[in-house]
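A.B. asks: The sequence shown begins at 167 in our numbering and counts up one residue at a time.
Idealized CB from N, CA, C, for every residue including glycine.
Keep in mind it's a predicted model, so treat the numbers as computed, not measured.
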Amino acid sequence: MISNSNKQFQPVLRLGVLGLIIFILIGLILVLLRFPQNTQYYPERHALLEYFLAYLGICLFIICYRRFQLQQTVEFLFFALGFLVFVVLQIIQVLAYPGFHDIAFLSPSINKGMAFDFSARLIFSIYLLLGLISTNKSIKQVNQNLKLWIYSGSLLLTLAIIAFNFWVLPDSL
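(1) I think G386 touches F244, with their Cβ atoms under 8 Å apart; what is that distance to the nearest whole Å?
(2) Can you give the Cα-Cα distance for L186 and A326, rounded to whole angstroms?
(3) Quick check: what's the CA-CA separation for L322 versus V183?
(4) Is it buried or exposed, F227, if we count other Cβ atoms within 10 angstroms and call 16 or more buried?
(5) Below 8 Å, can you find three or more Cβ-Cβ pairs linking the segment 245 to 260 to the segment 213 to 226?
(6) Indicate the three-state DSSP secondary structure (helix, strand or coil) for T324 in the structure shown.
(7) Which residues in the same chain have their Cβ closer than 7 Å to the Cβ of F242, if we skip the five residues on either side of it in sequence?
(8) Can you name, in chain order, every residue of its own chain whose Cβ lies under 7 Å from the Cβ of I328, other than the five neighbours on each side?
(9) Who are the near neighbours of S318 in its chain, counting only those whose CB is closer than 7 Å to its CB and skipping five residues on each side?
(10) Should Q256 and L219 be called a contact, given that it needs their Cβ atoms to be closer than 8 Å?
(11) I'd like the list of long-range same chain contacts for A286, defined as Cβ closer than 7 Å, with 5 residues on each side in sequence excluded.
Here it is in structure tokens:
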């Protein structure tokens, strides 16, 4: 059994762990910035910053999704899905750059990495716009059919962008 004092302490503990992880990642970024300004450490800096951005996106996804569960309003669902799609595309973007991966199907192409970076920001902007528009509309309560359409549309859009970036874009210009 968890006592009342422990229940009150749990949110503070979770927030403390989240803050500690953020400070560790910021510290790692500062340590990497102290290295000499040559291209030898540039990929590590870039990857660490992208992963930090993905971590912040995951945290914001969890916050927005929890607000959606509590309030059942569609704008928080759009915000949460926007952060989730952004994080997925950012992680694939880091893996798609040359030198960041040992995965066989990812070809060494800067074009694909740039395309995923652009796609992540574009799709996040669309989700943010949909969320902001839905705050002014009368759609406040989310029924199961609407939720299913939003989830499936989000999944299909993400898969279409991934397929387009991998199979349509050339490896080099």
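C.D. replies: The structure says:
(1) This structure cannot speak to residue 386, because the chain is shown only from 167 to 339.
(2) In the sequence shown, the residue the question calls residue 186 occupies position 20. In the sequence shown, the residue the question calls residue 326 occupies position 160. So the two alpha carbons sit approximately 36 Å from each other.
(3) Here residue 322 corresponds to residue number 156 of the sequence shown, with the count starting at 1. Here residue 183 corresponds to residue number 17 of the sequence shown, with the count starting at 1. Looking at the two C-alpha atoms, the distance is approximately 34 Å.
(4) Position 61 of the sequence shown, counting from 1, holds the residue named residue 227. So F227 ends up on the buried side.
(5) yes
(6) For the purposes of this step, residue 324 is identified with residue 158 of the sequence shown, where counting begins at 1. In this structure, T324 counts as helix in the three-state DSSP scheme.
(7) On the sequence shown, position 76 is the one that residue 242 refers to. Cβ within range, chain order: C230, R233 and F234.
(8) The residue given as residue 328 occupies position 162 in the sequence shown. So the list reads I258, once near-sequence residues are dropped.
(9) As a position in the sequence shown, residue 318 is number 152, starting the count at 1. Excluding residues within five positions, none has a Cβ falling inside 7 Å.
(10) The count along the sequence shown starts at 1 and reaches residue 256 at position 90. The count along the sequence shown starts at 1 and reaches residue 219 at position 53. Yes. Within cutoff.
(11) For the purposes of this step, residue 286 is taken as the residue at position 120 of the sequence shown. So the list reads F252, L255, Q256 and Q259, once near-sequence residues are dropped.
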